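What follows is one structure encoded as structure tokens, with my remarks underneath.
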Amino acid sequence: MAEHGGLCLECWGKLAVPTGTCCSLCQRPLGEGLDAASDLVCAPCMAEPPRHAGIAAATLYNDTSRALVLALKHGRRIGLAPMMARMMAPRLPMLAGEWLLVPVPLHRWRIWKRGYNQSALLAGELAKATGQRLLVDGLVRTKATPSLGGLNRKARARTLSGAIAPNPGRLGALKGANVWLVDDVMTSGATTNACIIALRKAGVAQVRIACFARVLDEALDSIRKPQDIKA
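Our numbering puts the first residue of the sequence shown at 12, with every later residue one more than the last.
Put into structure tokens, the structure is as follows:
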């Protein structure tokens with residue numbers, strides 16, 4: 012019961028894995044007939060360049076990945092973390108130099124209530140899989156924030172303004188470092204943007220995002236079978 016080795020064939024088949032030619036920065040699908048090896052960037056990223064240097068998501072957010080995320084986050088199924096991290100690890104590109112794995116932080120009150128930070132569990136398992144260094148407390152939540160569910164992108168950004176900061180005791184490790192910011196699910200990007208701003212203040216060289224599930228409806232629609240799409 013302490014170890015979750017994998018998924019059954021039925022659940023595995025229901026996961027949506029990013030495939031095909033995608034934007035090298037945000038993973039947005041770019042259509043068929045393009046050279047997948049090219050370093051292509053989508054129009055939204057060209058118009059408004061993201062603060063990060065790329066996103067690596069193990070799955071697209073659908074009913075199956077949502078069930079796994081919720082089981083880990085709220086269902087105390089921490090035995091899922093190694094399996095989910097094993098799915099994330101191959102999506103991380105081979106990059107030169109050393110990279111720090113920094114999880115998206117939780118406020119201490121939420122950690123006390125939940126008992127753990129699911130992003131930190133994933134980051135710890137990724138550190139084992141990749142050999143990169145884990146900096147579990149590189150970022151801190153300086154104030155408690157309400158749930159972001161139901162808020163639009165601007166409202167999420169306002170709620171998170173000033174809520175995340177670099178850990179003063181880890182500034183030496185962060186300065187000049189390359190960072191993989193680890194989270195369980197990336198929705199609007201408001202939380203990751205708040206983390207990136209904090210990391211930039213600490214002098215981080217570049218930030219990439221590693222997550223188990225990515226909310227990207229246009230990508231999900233592109234891989235659905237026609238019979239699965241409701242009229």
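All C-beta atoms, glycine included, are put in the ideal place defined by N, C-alpha and C.
For clarity, every value in this text was computed on a predicted model and none was experimentally measured.
Using a threshold of 8 Å, state whether the C-beta atoms of residue i and residue j are closer than that.
i      : j      : result
TYR127 : ILE175 : no
THR4   : THR156 : It is not possible to answer for residue 4, since the shown part of the chain is limited to 12 through 242.
VAL151 : GLY135 : no
MET98  : LEU83  : no
LEU137 : ALA100 : yes
ARG39  : CYS53  : yes
LEU41  : CYS56  : no
GLY173 : THR153 : yes
Specify, as a first and last residue, the run of the beta strand (DSSP E) that residue i falls within.
i      : result
LEU112 : 110-114
ALA224 : 217-225
PRO177 : 175-177
ARG97  : Where ARG97 is concerned, there is no enclosing beta strand (DSSP E), although the alpha helix (DSSP H) it sits in stretches over 91-99.
ASP194 : 189-197
Beta-carbon within less than 8 Å of residue i's beta-carbon, same chain only, minus the 5 sequence neighbours each way: which residues are those?
i      : result
ARG62  : ASN204, ILE207, ILE208, ARG211 and VAL218
MET12  : Any reading at MET12 must be qualified, since the residue scores a pLDDT of 43, below 50, and its modelled position is unreliable; no value is offered.
MET197 : ILE66, ALA68, THR203, ILE220, CYS222, ALA224, ARG225 and VAL226
MET105 : none
LYS7   : Outside the displayed span of the chain (12 to 242) sits residue 7, for which this structure offers no information.
GLY180 : ASP148
GLY17  : TRP23 and MET94
Which same chain residues, not among the five before or five after residue i, have their C-beta less than 6 Å away from its C-beta?
i     : result
TRP23 : none
Report, in whole angstroms, the separation of the C-beta atoms of residue i and residue j, which I expect to be a contact under 8 Å.
i      : j      : result
ALA27  : THR70  : 6 Å
LEU133 : ASP195 : 6 Å
LEU51  : TRP191 : Going by Cβ atoms, the distance from LEU51 to TRP191 rounds to 22 Å, so no, they are not a contact pair.
I'd like the list of long-range same chain contacts for residue i, defined as Cβ closer than 7 Å, with 5 residues on each side in sequence excluded.
i      : result
LEU185 : GLY149, PRO177, LEU210, ALA213, GLY214 and VAL215
ASP239 : In this prediction, ASP239 scores a pLDDT of 46, lower than 50, which makes its location untrustworthy; the coordinate-derived value is nonetheless stated afterwards. Excluding residues within five positions, none has a Cβ falling inside 7 Å.
LEU145 : LEU112, ALA134, GLY135 and ALA138
ALA64  : GLN217, VAL218 and ARG219
ILE122 : ASN128
Between which two residues does the alpha helix (DSSP H) harbouring residue i extend?
i      : result
MET57  : 54-58
THR202 : 201-212
ARG121 : 119-125
VAL80  : 74-84
Check your understanding: Would you say the stretch 67-80 touches the stretch 107-120, given that touching needs at least three Cβ pairs under 8 Å?
Key -> no
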